[in-house]
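The structure appears below as structure tokens.
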Amino acid sequence: MNFSEKEYENVQKQKIGMLSKIHRITNDRFGYMQMGLMDSWYEALKHMAFSLVNDCKELGKDTPDGEKFLSLIDKYEKLLREVPCRMVNFDLWDSNVLYNAGIGKICWIDPERGFWGDPVADFITLGPGQKSPLSDKQKELDIYNGMAKEKIRLTKETEIRYALAVCYLALIEEVEKYVRYEEDDPTYIRNTVDARDMYDMAFGIL
């Protein structure tokens, strides 16, 4: 469907509004329920990243970027231990949004990547996308903060938290390509390029 500029803005505001609502849902344990919940975002993110790095090794592949990501999680342990625990969708791309043109409303599909963790991670799917730093998403932050009970301010700390979440998505895409696609598949190539760009952007901040 071809959206008008007004319709597209409406869809994006609804996406942000939905995220602000699920971020009101709290927990005191972090991570994926199926992997076992942890006491802090530091422990959960490290466990999630380590599992992917280990999967990569079991597939016979090296992931220097994944190893670097693990070391950066340790570097920012103190900050990550202070992150609030919220419901996170982590996959609210436009392709996972259904739009009812008759009433101008949306709903989302494919919530299987959701976890308990850092709400800042959900900004990856907003605005310019996953290859851009949080500082490029001030418009989305302003809309979110106009709806959310807990505001997310653009600070050095939130930039770091966001960059670590981008690294996690990059690692997912890196490992995923080995399992789902052949090397000459366009999606394999896309994952390779996207992961490289995400790592480079995030490592530049971290």
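With the working numbering applied, the sequence shown covers 7 to 212. A virtual CB, placed ideally from N, CA and C, is assigned to each residue, including glycine. It should be emphasised that the depicted structure is a prediction, and the values quoted were computed from it without experimental measurement.
Identity of the residues DSSP links to residue i by a beta bridge
i, result
"N106", "K111"
"F121", "V94"
"G37", "W122"
"T32", "R92"
Residue i versus the options, residue with shortest Cα-Cα distance
i, options, result
"Y105", "A208, D61, P90 and K21", "K21"
"I178", "E163, D190 and N197", "N197"
"Y14", "D190, I112, D191 and V172", "I112"
"G152", "K74, S26 and M39", "S26"
"K67", "G135, V181, F75 and D191", "V181"
"T69", "A201, R167 and A169", "A201"
"D61", "Y184, C173, T193 and P192", "Y184"
"S46", "T193, E88 and L170", "E88"
"A171", "M207, P192, H29 and P117", "M207"
"R35", "A107, K19 and D124", "D124"
Burial state of residue i, where buried means 16 or more other Cβ atoms lie within 10 Å
i, result
"M93", "buried"
"L132", "buried"
"G210", "exposed"
"M204", "buried"
"Q215", "The first residue shown for the chain is 7 and the last is 212, placing residue 215 beyond what the model contains."
"K143", "buried"
"A169", "buried"
"E11", "exposed"
Same chain, Cβ closer than 7 Å to residue i, neighbours up to 5 away in sequence not counted
i, result
"I115", "N102 and L104"
"E73", "V59"
"R30", "K155"
Contacts around residue i, its chain only, beta-carbon distance under 8 Å, and the 5 residues preceding and following it disregarded
i, result
"T164", "V126, L140 and I158"
"V17", "F9, D100, V103, Y105 and I112"
"N33", "L43, C91, R92, M93 and W122"
"G120", "M93, V94, N95, F96 and D97"
"G110", "E13 and N16"
"F56", "L76"
"L65", "V181, Y184 and V185"
Cβ-based neighbour list, residue i, same chain, cut-off 6 Å, excluding 5 preceding and 5 following
i, result
"G51", "Sequence check: residue 51 is Leu here, not Gly. Once the five neighbours on either side are set aside, the close Cβ partners of L51 are I79."
"Y150", "I22 and S26"
"R167", "D124 and V126"
"I28", "M93"
Assess contact between the region 92-103 and the region 125-135, defined as three or more Cβ pairs (one per stretch) separated by less than 8 Å. Is contact present? yes
Does the region 75-84 come within contact of the region 142-162, defined as at least 3 CB pairs closer than 8 Å? With a cut-off of 8 Å, the region 142-162 and the region 75-84 do not count as touching, because too few Cβ pairs lie within range.
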